[in-house]
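*Asks:* Residue numbers for the sequence shown follow this note's numbering, so the first one is 0 and each next one is one higher.
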Amino acid sequence: MSKHNISIVIPTTGKRQELLSRAITSAFVNDNSIFTEIIVVANGPEAEFFCLPDTISIPLNASIYIVRTLIGNVSHARNIGIESATGQWLRFLDDDDFLLPDAAKRQYLELINSEYDISTYAGAIRDENGRTFQIICPDGSQDYGYAVLGPNCPALTFASVYRLEKIRHLRWNEAWSATEDEDWMRRILQSFTPNWITSDEVVGVWYQHHKYRLSRPIPFNAYYANRAESIIKTIKILIKQNRISNIQKKSAANGLWSAIHGGFYFSPIHWSKLSLVAIRLDKSSRPKDKIFTSLPWVHPLIIEWLFLPKRIINHTYRVIHGKLAGFNIIRKI
Numbered sequence: 000m001s002k003h004n005i006s007i008v009i010p011t012t013g014k015r016q017e018l019l020s021r022a023i024t025s026a027f028v029n030d031n032s033i034f035t036e037i038i039v040v041a042n043g044p045e046a047e048f049f050c051l052p053d054t055i056s057i058p059l060n061a062s063i064y065i066v067r068t069l070i071g072n073v074s075h076a077r078n079i080g081i082e083s084a085t086g087q088w089l090r091f092l093d094d095d096d097f098l099l100p101d102a103a104k105r106q107y108l109e110l111i112n113s114e115y116d117i118s119t120y121a122g123a124i125r126d127e128n129g130r131t132f133q134i135i136c137p138d139g140s141q142d143y144g145y146a147v148l149g150p151n152c153p154a155l156t157f158a159s160v161y162r163l164e165k166i167r168h169l170r171w172n173e174a175w176s177a178t179e180d181e182d183w184m185r186r187i188l189q190s191f192t193p194n195w196i197t198s199d200e201v202v203g204v205w206y207q208h209h210k211y212r213l214s215r216p217i218p219f220n221a222y223y224a225n226r227a228e229s230i231i232k233t234i235k236i237l238i239k240q241n242r243i244s245n246i247q248k249k250s251a252a253n254g255l256w257s258a259i260h261g262g263f264y265f266s267p268i269h270w271s272k273l274s275l276v277a278i279r280l281d282k283s284s285r286p287k288d289k290i291f292t293s294l295p296w297v298h299p300l301i302i303e304w305l306f307l308p309k310r311i312i313n314h315t316y317r318v319i320h321g322k323l324a325g326f327n328i329i330r331k332i
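(1) In terms of alpha-carbon separation, which member of 9, 313, 55, 62 lies closest to residue 79?
(2) Under a three-way DSSP split, which group does residue 45 fall into?
(3) Considering only residues of the same chain and omitting the five flanking positions on each side of residue 97, which have a CB-CB separation below 6 Å?
(4) Look at the alpha carbon of residue 251 and the alpha carbon of residue 118, and state the distance between them as a whole number of angstroms.
(5) Taking the straight line between their C-alpha atoms, what separation do you get for residue 333 and residue 17?
(6) Is it right to say residue 49 is buried, meaning 16 or more other beta carbons lie within 10 angstroms of its own, or is it exposed?
(7) According to DSSP, simplified to helix, strand and coil, what is residue 225?
(8) Please determine if the segment 225 to 237 and the segment 121 to 139 are in contact, where contact requires at least 3 C-beta pairs separated by less than 8 Å.
(9) Going by C-alpha distance, which of 5, 19, 167, 180 is nearest residue 148?
(10) Helix or strand or just coil, what does DSSP make of residue 215?
(11) Where does residue 176 fall in DSSP's three states?
(12) Quick check for students: name the residue ranges of the beta strand (DSSP E) that lie wholly in the segment 63 to 92, counting only runs of 3 or more.
(13) Throw me the rounded Cβ distance for the residue 144 and residue 192 pair, which I believe falls under 8 Å.
(14) Pull the bridge partners of residue 125 from the DSSP assignment, please.
(15) Pull up the CB-CB distance for residue 186 and residue 169, whole angstroms please, since I reckon it's below 8 Å.
(16) Output the distance between the C-alpha atoms of residue 4 and residue 198, rounded to the nearest integer angstrom.
(17) From this set, 120, 158, 286, 301, which residue's C-alpha is nearest residue 258's C-alpha?
(18) If you reduce the DSSP assignment to three classes, tell me which class residue 105 lands in.
(19) Give me the Cα-Cα distance between residue 67 and residue 95, rounded to the nearest whole angstrom.
(20) Residue 215 to residue 318, Cα distance in whole Å?
(21) Give me the Cβ distance between residue 172 and residue 83, rounded to the nearest whole Å; I'm assuming they're in contact under 8 Å.
(22) Compute the distance between the beta-carbons of residue 255 and residue 293, then report whether it is under 9 Å.
(23) For residue 123, which of 296, 289, 305, 156 has the nearest alpha-carbon?
(24) Considering only the beta carbon of each residue, do residue 44 and residue 69 sit closer than 9 Å?
(25) Taking its Cβ as the centre, do 16 or more other Cβ atoms sit within 10 Å of residue 167, making it buried, or is it exposed?
(26) Between the C-alpha atoms of residue 116 and residue 159, what's the straight-line distance to the nearest angstrom?
(27) Report buried or exposed for residue 88, applying the criterion of at least 16 other Cβ atoms within 10 angstroms of its Cβ.
(28) Identify, in the order they occur along the chain, each residue of the same chain with its Cβ nearer than 8 Å to the Cβ of residue 201, setting aside the five sequence neighbours on each side.
(29) Given a cut-off of 9 Å on the beta-carbon distance, is the pair residue 162 and residue 108 in contact?
(30) Is the Cβ-Cβ distance between residue 221 and residue 154 less than 9 Å?
See below:
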């Protein structure tokens, strides 16, 4: 029986051993035709002292390798993982999230028996009490460009599996700590248009918790500025290479409006200028909020400026309330 190798890259600082153990164990697949190569990338000042949790039992159809780097950067760790991977297929998994092995197995077999370059499944968001409060699904479109340029880029880190030979040369943006997952999906599009398949089946869990948070506080404006920069860079490349369709332009315009609306009260003049890019891509585009869709005859910029004072007050209240409640980490939005 021929074996199909899956490489799974798991960045960790080693500070969340119980969660890391769960993540690694969830990556094992009960199928002798699939060999799982798990690459644990220990990153940060304590990486040289990292050891695997002693609760892990490695099955015969799996192996675990540890790679160390003193640079504490999750995207840097993922890039090292890409360089180290030897499998036919690659996926990323954060050490505080976990996979559903049976669903992951179906995803692998679907890819192995096809010509697809990327498979993206759904993911569940679950809290510390085990409550699943949201399911994030791909938008159902088989047009990869349309999906990743829009406001709902399917960027859950663990949800996608990639044909390694197609993305081996690509790297995550190590300078960003917000929307770097969206940017990764768009970097693929910048390089080539993948043959893509999606499913609404949940393949993993994005675990939301407040203990041992490793992410740095990020201002909202950086989140939206990064999204806009990523979209604009991608469409420039696609236009130059004559690889963008009208429906992808429309999706990119909607993606830009999601950033413009989100960041408008931080720098209204800047975002007003960027709105011209969205309008050039699609004249009918606008934010998806109800106030904009219910007034289609009013230019979206007029609405943005009219509601600016109210939004500044609301945002200031949320920030103060969040700090008083102790929630100052907003890496995942």
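Think of the CB as a built atom: it goes at the ideal place given N, C-alpha and C, for glycine as much as any other residue.
*Replies:* In brief:
(1) 9
(2) coil
(3) 21, 22, 25, 204
(4) 21 Å
(5) Residue 333 lies beyond the range of the chain shown here (0 to 332); nothing can be said about it.
(6) buried
(7) helix
(8) no
(9) 180
(10) Any reading at residue 215 must be qualified, since the residue scores a pLDDT of 49, below 50, and its modelled position is unreliable; the value itself is stated next. DSSP places residue 215 in coil when its eight states are reduced to three.
(11) coil
(12) 88 to 91
(13) 6 Å
(14) 131, 206
(15) 5 Å
(16) 22 Å
(17) 286
(18) helix
(19) 18 Å
(20) Summary for residue 215: the model assigns pLDDT 49, below 50, so the residue's position carries little reliability, and this model does not support an answer.
(21) Actually they are not in contact, since the Cβ atoms of residue 172 and residue 83 sit about 19 Å apart, beyond 8 Å.
(22) no
(23) 156
(24) yes
(25) exposed
(26) 10 Å
(27) buried
(28) 99, 102, 120, 121, 122, 123, 134
(29) no
(30) no
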